[in-house]
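Counting along the sequence shown from 1, when you hit position 31 you're at 1401 in this note's numbering, and nothing is skipped either side. Glycine is no exception: its CB is placed at the ideal position from the N, C-alpha and C atoms. Nothing here was measured: the structure is a model prediction, and the numbers come from that model. This report refers to the structure that appears directly beneath it.
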Amino acid sequence: MKKWFISAFSIVLLMLTLGHSVDFANTSEVIDTTNLDKGIVGISYKTTDKLKYKVLISKDDSRISYPFTADGNAVNFPLQLGNGTYKVGLLRNVSGTKYVYVSQKTVVLDLKDPNIVFLNSVQNINWNEELKAIEFGKSLLKTSSTSNRKLSTLYGYMVKNVTYDYDKIPTLTADYIPSVELTYEELKGICYDYSALFASIQRNHGIPTKLVKGYSRFVEGYHAWNEIYIGGKWVIIDSTVDSTWKGTKASVTMIKSTKDYTKVNEY
1371 MKKWFISAFS
1381 IVLLMLTLGH
1391 SVDFANTSEV
1401 IDTTNLDKGI
1411 VGISYKTTDK
1421 LKYKVLISKD
1431 DSRISYPFTA
1441 DGNAVNFPLQ
1451 LGNGTYKVGL
1461 LRNVSGTKYV
1471 YVSQKTVVLD
1481 LKDPNIVFLN
1491 SVQNINWNEE
1501 LKAIEFGKSL
1511 LKTSSTSNRK
1521 LSTLYGYMVK
1531 NVTYDYDKIP
1541 TLTADYIPSV
1551 ELTYEELKGI
1561 CYDYSALFAS
1571 IQRNHGIPTK
1581 LVKGYSRFVE
1591 GYHAWNEIYI
1601 GGKWVIIDST
1611 VDSTWKGTKA
1621 SVTMIKSTKD
1631 YTKVNEY
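Okay, structure coming up:
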């Protein structure tokens, strides 16, 4: 929600320079396509070399990069660019902005329902049934019988109870990834945190939800918000902006206009 987001989440991709790897790891051990029918790939790699790693996912002319910690833990990444052929790679930093491939795989996505991609737990919307945040979401929405009611109930809770953390941005690195659990426990965060928490609870209830990054006329600098699939269409929800407007005379509507938002990436 500040200009910091530009360098933190956009410029990484622009600066990425690809090299050629001479020591490819066993691709089947690094890149897991078991859940390709859900629109995700899993990546796992362990090393003690202390170097930086990135995941690069590309389709046609689009490329999305993600920070990656090579600690052996499997991490899911979405294939959110539609059906077709993807290249999925794990890259190691060798110097400056130059990276070389550790492993690369070509996969073909062919989903009957493309919205299934936005129901998963992935790196920046990382959730599971054991999280307190997810347990709370179940309790909060248990009497909401429709997707619309679930949406409005969660939105109302977020706007009323979560506070924007203006002191957090200066402490973050370019590779920052939200913690759904921490945001729920502290009830504060930046727009990236709000959007990850919102998406995790909605997805857990079977409602396709995107975390979107880009620009809004309501915010100075790079921003994050949600899109929810309701009534056969995607609608924009911005719980961050609306929570900062509480207590003011601003006119607030839950569903935002697309003309007020410019999307750069979605997850």
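Take the alpha-carbon of residue 1592 and the one of residue 1579: they are about 20 angstroms apart. Only exposed fits residue 1625, as fewer than 16 other CB atoms lie within 10 angstroms of its CB. Taking 4 residues as the shortest admissible run, the segment 1529-1602 contains the following complete alpha helix (DSSP H) segments, listed from N- to C-terminal end: 1550-1556, 1561-1574. Comparing C-alpha distances from residue 1482 to each of 1502, 1452, 1514 shows the shortest one belongs to 1452.
The straight-line gap separating the alpha-carbon atoms of residue 1604 and residue 1512 is approximately 23 angstroms. Residue 1447 is positioned such that its CB atom lies no closer than 8 angstroms to that of residue 1472.
A contact between stretches requires three or more CB pairs, one per stretch, nearer than 8 angstroms, and the segment 1596-1611 fails this requirement with the segment 1502-1510.
Judged by DSSP secondary structure, residue 1505 falls within the alpha helix (DSSP H) whose first and last residues are 1502-1511. Around the C-beta of residue 1546, 16 or more other C-beta atoms lie within 10 Å, and the residue is accordingly described as buried.
Just measuring C-alpha positions, the residue of 1629, 1402, 1609, 1445 sitting nearest residue 1475 is 1402.
By the C-beta criterion, the segment 1558-1573 is judged not to be in contact with the segment 1614-1634, since fewer than 3 inter-stretch pairs fall below 8 angstroms.
Residue range 1468-1479 is occupied by the beta strand (DSSP E) that includes residue 1476, with no alpha helix (DSSP H) assigned at that position. Rounded to the nearest angstrom, the gap between the Cα atoms of residue 1415 and residue 1615 is 43 angstroms.
In the three-state reduction of the DSSP assignment, residue 1614 falls in the helix class, which pools H, G and I. DSSP places residue 1635 inside the beta strand (DSSP E), whose first and last residues are 1631-1636.
Counting along the chain, the unbroken beta strand (DSSP E) around residue 1463 starts and ends at 1454-1465.
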